[in-house]
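Q: In my numbering, the protein residues as written are 898 to 1334.
Structure below; questions to follow.
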Ligand code: AMP
Ligand code: GLY
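As structure tokens, this is what we get:
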């Protein structure tokens, strides 16, 4: 890091990842006066407009450290969970390279649902009750006779948001257990399965950036996990998000901080797992108060694509200060109004997505005032863009209220043509009615 003539810290940042979340991170970092250079590894063809993309297998944490050292990055910011769970932070620490993200041990909060459940129980953090943990499918089938419904079945490890089933049907639960434990659909991630109590309520994504002691919180957001309108269809990695302040009244936030955030940070400290980075609390707002459904050791995707549009502060500075344990007093301001994002997914997603389909209308979509199109799973050949994954594009927009943000996001999404692709038409729809704008 060097100081320029105005004594402003100028940094070079490497972002790890190559999806819509990383595109949004890069997009926001690129607006920062304190950033001199951004690389993204591996990035994607959309990100390439805002950052220099460098090839990388994100599972190769040694190669990531080699890359950061070779590039001379002052800070590396990690988008996805996989490299964190695989120990990228430990590798960087060992080599004296600065990185924002938790060590592998703490990343187990996301990497193992059993680990995180035990952590919450140990530190008395409100969460759904557990019926049992199973290593044999037969044990799990038998346990189905003595649970209450709806039941939640969770594969222990990382499954890209697809390892959870909420069901009131014993047949469906049996079939899911078979897919996970017998057919090994998620590999090792499905070797252990957890049954837990189904909670009812609205969900809330509450995300903080912490240096281990101090934290700032991101604008509150609500994801839409089911594939289709009206919350129908299977769970996905997330189909769209809205962010408005109305979903987080002050009294609720106080409860979340007192009963969940503080006990989590203190628990991490007590367990010898100091945590620097983004920490995502997936909450269910139940009649008994907020309860944790899951922790993620990173920013949400697609929460980031809606929330960062509302960020009115220097993200690079916040990341650097968190990575150096210096977040005290940092003021994160948020634009009032709303951020909305809509995920355009390939035919077949969240199952086997059809890829290699031409994408039309990107330029028209980007012209819609207030809208930004983030690339998630795309590739380019010459001037033509093609789909290259399940979640293809994330169309985001900001507005002075939820209705105008939704209008802009859906206006932009409607300009994009991809044969067979689908997106939900009701992101933030219920809330727009409820909050009356
Ligand atoms: P998870 O990966 O644990 O967050 O689960 C993914 C999604 O499954 C959550 O966002 C919820 O929509 C749903 N879910 C998870 N756990 C529960 C629960 N205990 N009760 C009701 N829904 C749940
Ligand atoms: N949108 C949910 C997640 O990032 O896990």
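Even for Gly, the Cβ is constructed at its ideal location relative to N, Cα and C.
Just so we're clear, the structure is a prediction, and the values are computed from it rather than from any experiment.
Comparing the CB of residue 1200 with every heavy atom of the ligand GLY, is any distance shorter than 7 Å?
A: Result yes, Cβ under 7 Å from the ligand GLY.
Q: Kindly indicate which three-state DSSP category residue 1084 falls into: helix, strand or coil?
A: Helix.
Q: Would you check if there are 3 or more beta carbon pairs closer than 8 Å linking the segment 1145 to 1157 to the segment 1063 to 1077?
A: Result no; under three Cβ-Cβ pairs closer than 8 Å.
Q: Taking the runs of the beta strand (DSSP E) that are 3 residues or longer, which of them lie wholly in the segment 946 to 986?
A: DSSP runs (the beta strand (DSSP E)) wholly in the segment 946 to 986: 972 to 975.
Q: Could you pull out every residue in the same chain whose Cβ sits closer than 8 Å to the Cβ of residue 1121, ignoring the five residues on either side in sequence?
A: Once the five neighbours on either side are set aside, the close Cβ partners of residue 1121 are 1128, 1135, 1136, 1137, 1138, 1321, 1323, 1324.
Q: Looking only at C-alpha atoms, which of 967, 1184, 987 sits nearest to residue 1170?
A: The option with the nearest alpha carbon to residue 1170 is 987.
Q: Determine which residues share a DSSP beta bridge with residue 1319 and list them.
A: Residue 1319 is bridged to 1242.
Q: Quick one: is the Cβ of residue 1048 within less than 7 Å of any heavy atom of the ligand AMP?
A: Every heavy atom of the ligand AMP is 7 Å or more from the Cβ of residue 1048, so no.
Q: Three or more C-beta pairs under 8 Å: does that hold for the segment 990 to 1007 against the segment 1179 to 1196?
A: Yes: the two stretches touch, three or more of their Cβ pairs being nearer than 8 Å.
Q: Output needed for residue 1251: all residues of its chain with C-beta closer than 8 Å, excluding positions within five of it in sequence on either side, in chain order.
A: Same-chain partners within the cutoff: 1243, 1244, 1245, 1284, 1317.
Q: Measuring only the C-alpha atoms, how far is residue 992 from residue 913?
A: Their Cα atoms are separated by approximately 17 Å.
Q: Write down the C-beta distance between residue 949 and residue 936 rounded to the nearest angstrom, noting that I regard them as a contact closer than 8 Å.
A: With 8 Å as the limit, residue 949 and residue 936 qualify as a contact, their Cβ atoms being about 5 Å apart.
Q: At a cut-off of 7 Å, would you count residue 979 as near the ligand AMP, judging by its Cβ distance to the nearest heavy atom?
A: No, the beta carbon of residue 979 sits no closer than 7 Å to any heavy atom of the ligand AMP.
Q: Taking the beta strand (DSSP E) that residue 1294 falls in, what are its first and last residues?
A: Start and end: 1288 to 1296.
Q: Give the straight-line distance between the Cα atoms of residue 999 and residue 1052, rounded to the nearest whole angstrom.
A: C-alpha separation (whole angstroms): 22 Å.
Q: Sorted by chain position, which residues of the same chain lie with C-beta nearer than 8 Å to residue 924's C-beta, five sequence neighbours on each side aside?
A: 947, 1205, 1269, 1271.
Q: DSSP on residue 1158, reduced to helix/strand/coil?
A: Note: residue 1158 maps to helix in three-state DSSP.
Q: Going straight from the alpha carbon of residue 910 to that of residue 1059, what length do you get?
A: Taking the straight line joining both Cα atoms gives about 31 Å.
Q: So what's residue 1196 in DSSP terms, helix, strand or just coil?
A: Here residue 1196 sits in coil by DSSP.
Q: Whose CA, out of 1199, 1312, 1015, 1031, lies closest to the CA of residue 1257?
A: Out of 1199, 1312, 1015, 1031, 1312 has the C-alpha closest to the C-alpha of residue 1257.
Q: In or out: residue 956 buried (at least 16 other Cβ within 10 Å) or exposed?
A: Burial call: exposed.
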